[in-house]
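Quick notes on the structure that follows.
In the working numbering, the protein residues as written are 11 to 274.
Okay, structure coming up:
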């Protein structure tokens, strides 16, 4: 059994709970320690019961609560070497036993949960995506990436549950008040996926194994949940898929736990 809950998702903070019968992981900690504890409590999880915290990359909306969680709950943090180097000054003093290395591409076992990492293109230090496997179930996680390479497409195929970035609507972004330097960063190959790119990616990777799609990391200024949802579903239907019949499509909430799923 694999359990998933999106505790928060977006540029204001990201955190994901993934668990099996015997293992509990927190993926990213982009909220305050108090908010993380409250979000976990809302789904019936004691933060002290977590086994580890895995960090995808060093941006503040993924790590701002990591240090306090490690100190408060004696929680080991796993991050790639470049992420550790970029995050050290942001996390505060940590016990040496809390600092663990995550491979930029490789596998680690946490009890009955196998975690595989793979590099993603993003303007961060050593960013990674994840595959989580327990028994015959797999969750794929790819947010904060500017493009989807053939290598990443292969990694994401055949997952039971796919968590994919759908950050912005390109027209909303281009017409926004953001400076052009920021617009170009977001639109670049080391930036963030648009709704259209996310939909095109889904067309490439969905399979009979797919049971759930979670659209994540939406921009508050340059997207709307309904727009991300409609873009994905409309495009999938054009290619013969039946979203919400063949598989569910959900949009992760920004500030509250959502997409609480269990995969047998």
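Glycine included, every Cβ here is placed at the ideal spot set by N, Cα and C.
Query, Result
"Continuous alpha helix (DSSP H) assignments of at least 4 residues falling wholly in the segment 195–244", "205–215"
"Reduced DSSP category for residue 187 - H, G, I as helix; E, B as strand; rest coil", "coil"
"Exposure of residue 100, with buried meaning 16 or more beta-carbon neighbours within 10 Å", "exposed"
"DSSP three-state assignment for residue 260, whether helix, strand or coil", "strand"
"Residues near residue 243 in its chain [Cβ-Cβ closer than 8 Å; skip 5 each side]", "253, 254, 259"
"C-alpha gap between residue 82 and residue 251, whole angstroms", "46 Å"
"Own chain partners of residue 71 with C-beta closer than 6 Å, once the 5 adjacent residues on each side are dropped", "21, 23, 24, 40"
"contact_flag[the segment 87–96, the segment 52–72] where n(CB pairs < 8 Å) is 3 or more", "yes"
"contact_flag[the segment 182–199, the segment 144–151] where n(CB pairs < 8 Å) is 3 or more", "no"
"Cβ-Cβ distance between residue 93 and residue 136 below 8 Å", "yes"
"Three-state secondary structure (DSSP) of residue 140", "strand"
"Host alpha helix (DSSP H) of residue 99 (start-end)", "91–101"
"Straight-line Cα distance separating residue 231 from residue 170", "31 Å"
"Sequence-distant residues of its chain with Cβ nearer than 7 Å to residue 175 (five each side left out)", "152, 153, 154, 155, 202, 203, 208, 226, 227"
"Short Cβ contact (8 Å threshold) for residue 239 with residue 223", "no"
"Reduced DSSP secondary structure (H/G/I, E/B, other) of residue 251", "coil"
"Per DSSP, cross-strand counterpart(s) of residue 127", "116, 140"
"Span of the alpha helix (DSSP H) around residue 164", "160–166"
"Residue interval of the alpha helix (DSSP H) (run including residue 35)", "Where residue 35 is concerned, there is no enclosing alpha helix (DSSP H), although the beta strand (DSSP E) it sits in stretches over 34–37."
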